[in-house]
């Protein structure tokens, strides 16, 4: 029997090509298929689905220990996907994976995340796409998350996921022995509170840093952030379609005229 | 009978405080309530839900014909909402309106839009929020769109909309006499094709401009962009919750282990 063609996997992130997580993810994907890395030259956390319209983009080769590792694009995660598909890859990849992000992309942070946006851009382009995030901002250990990413990607290649949907995967930053399991979750509701702090410059003029505390509005194992905090891997299917379909009937009854 | 308190309305956009559309929207809202304008100092189209984390933000007053018009924030539309709520407004506004954007924010563009993102940020903060866009990139006439925005906002103040949902309103750029009506729509499926073009600089090195053609994947009056092209005002309820709830059951049957 002929051996199946190895899938071509495009790897991206939002922490930039020097982020530790993309090296862990690329290493994990190389065990499954042929890998091309295209990532932002600089960190782009919190860039959401932003794209660069006002300035042109540059592509560069990036070397790690003198060996070619991948390409950088001088823009956002979404720019990377667009440029990779139009100018770097010879043909459409079989899969796009984004991450492994440093910090969880759960609850409301789904909307802010460049990691998730890169995967959504893949889905918009008709490519099966996943986003991976590690729920920590310090002492990141990508050992288990890389292993889980490999396992889930194999399953996705086998089963497929519907168009216009990505899987956003959030993984606790604990050793495998402490992982409780893997659960399918929804995007929990949350809110950043106290979202900017004021300081004064040397001339006494104020400036503002975005800041805040993520307050969870749900505490339920069906919610991504809550599940991750109980040491579960949380897998949330995220849709490109943001319509609140359940409200359409109500609004139609408003009988709006032009 | 005591006259009802006039609502306090926060007006934002993504085209920046010099965009013609925000002046039309602020003028329309002043007929309904007390208005505070907080907008990006510079244009931020295509910035989606991006927020500024690496540099601090500045707030400035903006004057139009020597009269105070509103505040600028040196960041993205989402930054504007965060800074407005934490440092500019004395209390939570009753409503946030974003726009009137120059160019439609229909179909996939919903994900890229800073105009929609500003409204979503309002909804995340628990405030009733709407986004308005005019479907043109040239010869914009905000007369009818301002009038329709006023009418719809009055209705929303009366009826309310559920939490975590914004109304994204796209208005054809034609005189009122040519408007076919107003319909409730869903975010249509679409894709940008040929999403970057290559040029060479004076040294012969390539650079890339994001570019492309929006290809509609649906042609149905229930879809926002299609309806707008038939000269209907398209009102799409957009949710902060991006979960594809219909896929959860299927994924649970994968029986993923840790």
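Protein chains in written order, with the working numbering: chain A, 218 to 475; chain B, 218 to 475. Even glycine gets a Cβ: it sits at the ideal position worked out from N, Cα and C.
Residue 430 (chain B) is outside the set of residues whose beta carbon lies under 7 Å from a beta carbon in chain A. Boundaries around residue 341 (chain A) are those of the alpha helix (DSSP H), 331-341, since no beta strand (DSSP E) includes it.
Note that the C-beta distance between residue 277 (chain A) and residue 293 (chain A) is not below 7 Å. For residue 264 (chain A), the neighbours in chain B by C-beta distance under 7 Å run, in chain order, 267. Among the CB atoms of chain A, one or more fall inside 7 Å of the CB of residue 299 (chain B).
DSSP, reduced to helix, strand and coil, places residue 229 (chain B) within a strand of the structure shown. The beta carbons of residue 236 (chain B) and residue 319 (chain B) sit about 6 Å from each other, so the pair counts as a contact at 8 Å. In the three-state reduction of the DSSP assignment, residue 450 (chain B) falls in the strand class, which pools E and B. By the neighbour-count criterion, in which a residue is buried when 16 or more other Cβ atoms sit within 10 angstroms of its Cβ, residue 283 (chain A) is exposed. Beta bridge pairing from DSSP links residue 269 (chain B) with no other residue.
Put simply, the stretch 371-389 of chain B touches the stretch 340-351 of chain B. At least three CB pairs are less than 8 Å apart. Contact check for residue 328 (chain B) against residue 266 (chain A) passes: the beta carbons are separated by less than 7 Å.
Between residue 352 (chain B) and the set B:411, B:391 and B:438, the nearest pair of CA atoms involves B:391. Interface annotation, residue 455 (chain A): in contact with chain B, CB-CB separation under 7 Å. Considering only B:389, B:248 and B:296, the residue with the shortest C-alpha distance to residue 339 (chain B) is B:296. Taking 7 Å as the CB threshold, residue 401 (chain B) lines the interface with chain A. Contact annotation, residue 433 (chain B) with residue 324 (chain B): C-beta distance approximately 7 Å; criterion of less than 8 Å satisfied. Put simply, the backbone Cα of residue 246 (chain A) is about 25 Å away from that of residue 264 (chain A). Below the 7 Å Cβ cutoff, chain A contributes 424 as neighbours of residue 275 (chain B), in chain order. Annotated three-state conformation of residue 410 (chain B) is strand, per DSSP.
For residue 469 (chain B), the number of other beta carbons within 10 angstroms of its own is below 16, and it is reported as exposed. Under the Cβ distance rule, residue 459 (chain A) counts among the residues neighbouring chain B, one pair being separated by less than 7 Å. In this structure the stretch 395-410 of chain B does not touch the stretch 456-471 of chain B; the number of beta carbon pairs closer than 8 Å is below three. Under the 10 Å beta carbon count, residue 350 (chain A) is surrounded by 16 or more other beta carbons and is classified as buried. The Cβ neighbour count for residue 281 (chain A), taken over all protein chains shown within 10 Å, is under 16; the residue is labelled exposed.
Distance from the CA of residue 334 (chain B) to the CA of residue 230 (chain A), rounded to the nearest whole angstrom, comes to 21 Å. Boundaries of the alpha helix (DSSP H) around residue 465 (chain A): 465-469. Counting only unbroken stretches of 4 or more residues, the alpha helix (DSSP H) elements lying wholly within the stretch 232-307 of chain B are 237-247 and 294-300, in sequence order. For residue 237 (chain A), the nearest beta carbon of chain B is not closer than 7 Å to its own beta carbon. Here DSSP, grouped into helix, strand and coil, assigns residue 439 (chain B) to coil. Under DSSP, residue 398 (chain A) takes part in a beta bridge, and its partners are A:449. Distance from the Cα of residue 441 (chain A) is smallest, within the candidate group A:241, A:405, A:358 and A:375, for A:405. Using beta-carbon distances, residue 332 (chain A) does not count as an interface residue toward chain B, since no partner is under 7 Å. Contact annotation for residue 450 (chain B) against chain A: 473 and 475 [CB-CB distance below 9 Å, chain order]. Taking the C-beta atoms as reference points, residue 242 (chain B) is found nearer than 7 Å to residue 317 (chain B). Inter-residue distance for residue 439 (chain B) and residue 373 (chain A) is about 32 Å (C-alpha atoms, whole angstroms).
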